[in-house]
Amino acid sequence: MKKLHLVCIVFLVAIVLGCSSGSKKEEKAQVEPTDVIIADELVVLKDGESRTFKLDPGSYKLEVTATGDGVSVEWLGSACPSSGQISSLVMACRVIQTGQVVVKNPTGFGMGALSNATIKLIKLARDI
5 MKKLHLVCIV FLVAIVLGCS SGSKKEEKAQ VEPTDVIIAD ELVVLKDGES RTFKLDPGSY
65 KLEVTATGDG VSVEWLGSAC PSSGQISSLV MACRVIQTGQ VVVKNPTGFG MGALSNATIK
125 LIKLARDI
């Protein structure tokens, strides 16, 4: 009798587990894409010097602050405009082919001031 009860209990557990797992749809976890920080740095640029970052196709956000005469920003491989001389900039750009972003201390014919620039470049998870 004890064996029969044990067999019945095991059988019932198997049925319950089989029914409950069969009736639920499998849920797959959706992973949201995340932004990726490419650079987050402080650079010292002498007059005429630049810092260049290679970019794969995609959308990017650039945040720059600079001291001295400021800096200029140029996007290569995209239709985004150059910045001209700035001391602060927040800008998003879509790069359509392998390209570059160049942060440059504009030249003062060797007599310009140093520029301390903070550069934060982020590859956005979603295209703009």
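For the sequence shown, the numbering used here begins at 5 and goes up steadily by one. The beta carbon of each residue, even a glycine, is placed where N, CA and C say it ideally should be. None of these values were measured; they are calculated from a predicted model.
Asked	Found
Chain-order list of residues whose beta-carbon lies under 8 Å from that of Arg130 (same chain, five-residue window excluded)	Pro37, Ser63
Helix, strand or coil at Asp51 [DSSP, three-state]	coil
The beta strand (DSSP E) enclosing Arg98, as first and last residue numbers	92-108
Coil, strand or helix - Phe57 by DSSP	strand
Given Ser54 as reference, the closest of Ile42, Asp60, Pro61, Glu78 once Cα atoms are compared	Glu78
Within-7 Å CB hit, Lys124 to chain B	Included in the structure is just one protein chain, with no chain B present.
Residues that DSSP places opposite Glu67 in a beta bridge	Val94, Lys124
Local conformation of Val20 per DSSP, three classes	Reliability fails at Val20, whose pLDDT of 46 lies under 50, so the model's placement of it is uncertain and no value is given.
Same chain, Cβ closer than 7 Å to Ser119, five either side skipped, listed in chain order	Leu49, Ala70, Thr71, Gly72, Asp73, Gly74, Val75, Asn109
Close Cβ partners of Ile132 (< 7 Å) along its chain, the five nearest in sequence each way excluded	Ser63, Ala96, Arg98
Whole-angstrom distance between Val94 and Met115, CA atom to CA atom	28 Å
Bounding residues of the beta strand (DSSP E) (the contiguous stretch that carries Leu80)	76-82
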